Amino acid sequence: MTLCLGFGASFGGEAQAETWIESEGWVSLGVTDGLDQSSKSEGFFFGGNGTWSTSGDGLGLSFGAFGTIGRLHETYAAATWTSAQDARYAVGNPRPAYDLFAQPVLADVFLSATLERSDVGLSRATDGALTETEFLPIGGSYMRDGAALSLHYVDEYNTYILGVAERLDLSEMSLDAALELVDGDTTEANAKLQLNRDLGPGIATASLFYGGANDTGTEMELAYRHPVGGRVTLSEIISVPLSDSDDTLVALGAQVDLGGAWSLNTAASYADDDSAFMAGVRIAF
């Protein structure tokens with residue numbers, strides 16, 4: 014089973030093994046229209062979701078970014094140590110464990126719309142960086158064999174953020190689970206569960222996001238991503254807040270393969286009587 018979720022695609026093979034930089038993710042240049050917070054997200058954008066890190070065992074560096082240039086983004090930078098058993102330790106501001114698994118499919122299909130609702134399915138560390146002022150997490154993480162643990166501290170808000178996440182690969186499907194405990198003025202939790210399964214020519218995804226630490230409720234996302242012809246992949250998404258189905262979001266995305274790592278991506282969404290549109294050129298790495 015091949016999953017094209019979360020961080021997108023990456024180049025594999027011998028050529029990558031010989032380089033000292035490993036990269037995974039994508040960046041895109043395009044235009045958006047119709048989003049609620051027009052001063053932050055409408056118009057031209059440049060952004061994506063990616064990680065760049067040194068390869069090989071021993072001491073290294075890692076850098077990552079999620080979002081678009083401007084107010085709505087978070088960057089990650091950390092010193093790393095990779096053991097001979099492929100366990101990686103990171104210190105600085107590593108990507109939270111909660112964001113490494115079970116990301117909303119919407120984040121890969123319509124990034125700008127995801128940034129407008131970052132309280133759904135994203136870490137408190139990421140949501141805080143996108144919505145609060147002077148929200149600067151620092152901490153460490155541990156990753157190995159499809160599992161991750163991280164601890165961040167935000168000095169300005171006197172908040173600790175502890176996250177654990179894991180992926181379980183099964184026959185023709187995978188199951189992601191993540192839990193995050195946030196200790197500030199009070200102790201709250203985020204949690205999510207995501208099932209990805211081969212279905213016909215595509216991949217069906219069912220996700221459940223609970224965002225107590227992000228001051229939001231429980232939301233269910235259902236998505237189906239499938240090829241149409243030789244160059245087009247369609248994505249259909251519905252995201253339903255269980256406490257208020259009137260705020261349901263419906264999105265449709267299309268990715269047109271332009272050859273190599275390049276693609277043309279378009280998406281449209283409708284929620285709460287508002288519609289939005291995105292079109293851009295993407296390169297995966």
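Taking my numbering, the leading residue of the sequence shown gets 14, the next gets one more, and so forth.
Cβ coordinates follow ideal geometry from the N, Cα and C atoms, glycine included.
None of these values were measured; they are calculated from a predicted model.
As DSSP reads the structure, Ser-252 sits in a beta bridge with Glu-234 and Leu-262. Here Asp-189 is bridged, per DSSP, to Arg-180 and Gln-207.
Shortest Cα-Cα distance from Glu-193 to any of Ser-184, Gly-38, Asp-211 and Val-177 involves Val-177. With fewer than 16 other Cβ atoms from the protein chains shown falling within 10 Å of its own Cβ, Val-44 counts as exposed.
Across the set Thr-146, Ala-284 and Leu-119, the C-alpha of Leu-119 shows the shortest separation from the C-alpha of Leu-135.
If you look at Val-122, you'll find it in the alpha helix (DSSP H) that goes 119-122. Taking 8 Å as the upper bound for CB-CB distance, Phe-114 and Ala-191 are in contact here, some 5 Å apart. Residue nearest to Ala-138 within the set Leu-175, Gly-272, Leu-255 and Glu-179 is Leu-175 (criterion: CA-CA distance).
Listed in chain order, the non-local C-beta contacts of Ala-281 below 6 Å within the same chain comprise Leu-265 and Phe-290, local neighbours out to five positions each way being set aside. For the pair Gly-38 and Ala-110, the Cα-to-Cα distance works out to about 17 Å.
Between Thr-172 and Val-195, the C-beta spacing is below 8 Å.
Only residues of its own chain outside the window of five on either side were considered, and among them Ala-190 and Leu-221 have a CB closer than 6 Å to the CB of Leu-206, listed in chain order. Annotation for Asp-140: the continuous alpha helix (DSSP H) segment containing it runs 137-144. Put simply, the segment 238-254 does not touch the segment 148-156. Fewer than three CB pairs are less than 8 Å apart. Contact check for Met-233 against Asn-209 fails: the beta carbons are separated by 8 Å or more. In the structure shown, Thr-127 falls within a helical segment according to DSSP collapsed to helix, strand and coil.
Beta-bridge partners assigned by DSSP to Gly-43: Phe-58 and Gly-293.
Secondary structure at Glu-201: strand, using DSSP grouped into helix, strand and coil. In the three-state reduction of the DSSP assignment, Leu-48 falls in the coil class. For Ala-100, there is no enclosing beta strand (DSSP E), as DSSP marks it with neither H nor E. In this structure, Arg-238 keeps its C-beta atom at 8 Å or more from the C-beta atom of Gly-213. The three-state secondary structure of Asp-286, taken from DSSP, is coil. Pairing Glu-35 with Gly-73, the inter-Cα distance amounts to about 11 Å.
Here DSSP, grouped into helix, strand and coil, assigns Gly-224 to strand. According to DSSP, residue pairing for Leu-162 in a beta bridge involves Tyr-155 and Val-177.
Assignment of Leu-149 by DSSP, reduced to helix, strand and coil, places it in the coil class. With fewer than 16 other beta carbons inside 10 angstroms of its own, Gly-243 counts as exposed.
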